[in-house]
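Heads up: the protein sequence lines correspond to chains A and B, in order. Start counting the first sequence at -12; every next residue gets the next number (my numbering). Start counting the second sequence at 53; every next residue gets the next number (my numbering).
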Amino acid sequence: AQKVTQAQTEISVVEKEDVTLDCVYETRDTTYYLFWYKQPPSGELVFLIRRNSFDEQNEISGRYSWNFQKSTSSFNFTITASQVVDSAVYFCARIQGAQKLVFGQGTRLTINP
Amino acid sequence: DTGVSQDPRHKITKRGQNVTFRCDPISEHNRLYWYRQTLGQGPEFLTYFQNEAQLEKSRLLSDRFSAERPKGSFSTLEIQRTEQGDSAMYLCASSPRGGAPHGAFFGQGTRLTVV
């Protein structure tokens, strides 16, 4: 199986610190899609970003940024100046086949005031 | 609210009973997915529909599980003769034409507890 690995099970930081969540993926495809989702305590998976394999530009959206590196099969997510509301479980995922999302095990992020 | 809607949000049932969950996708989305998430794990794919056609089923979907999407709108997931191992969060997602590569949008899930 072509896995998605999130090696960090839990991260705890103090508010306003920057934090990076790691994601490493396996794929034999030349074209593929990667995603990040946020799952707050309410349980809903909130879509954060989609990236296709042709676009290696890093992306920034407010305090969030993503670093996609095909050479290392990584798609890392950084939160700058973290806030308590960022506390959640974050999942990295990729498409397998045409439609199936394969998720990593998630990283539980706790931002302490 | 125009997001994916799931009902019920929580279900507690006795082992051996049948349960049915409902998912209403975003209205213009023609693809609908079911995932299962156990504690401390990422969601795992169960099945997906394009309109009313069920196009893929995971090996996780045993004979006790059945999903339908009549008329290509809402979907139901039924579990017969529930077992304690079925306790999980069941998540529904939908995607626009073109499917998951264009983004899959999830509902809040149905948390099932089998006692």
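Backbone N, C-alpha and C fix where the C-beta goes; we use that ideal spot for every residue, glycine too. Given the structure is predicted, the values throughout are model-derived calculations rather than measurements.
C-alpha of T90 of chain B to C-alpha of V56 of chain B: approximately 20 Å in a straight line. Residue burial annotation: T94 of chain A is buried, with at least 16 other C-beta atoms found within 10 angstroms of its C-beta. Where V0 of chain A is concerned, the enclosing beta strand (DSSP E) starts and stops at -3 to 1. Taking a contact to require three or more Cβ pairs closer than 8 Å, the region 90 to 100 of chain B and the region 70 to 82 of chain B do not qualify as touching. Its chain contains V71, T134, L164, T165, V166, V167 as the residues whose beta carbon lies nearer than 8 Å to that of T65 of chain B, once the 5 sequence neighbours on both sides are disregarded; these appear in chain order. Within the region 107 to 131 of chain B, complete beta strand (DSSP E) segments of at least 3 residues are found at 117 to 120, 127 to 131, given in chain order. Interface annotation, S29 of chain A: in contact with chain B, CB-CB separation under 9 Å. Within 10 angstroms of the beta-carbon of I66 of chain A lie 16 or more other beta-carbons, which makes it buried.
Across the region 26 to 51 of chain A, CB contacts with chain B closer than 7 Å involve S29, G30, E31, L32, F34, R37, in sequence order along the chain. C-alpha of A68 of chain A to C-alpha of E120 of chain B: approximately 45 Å in a straight line.
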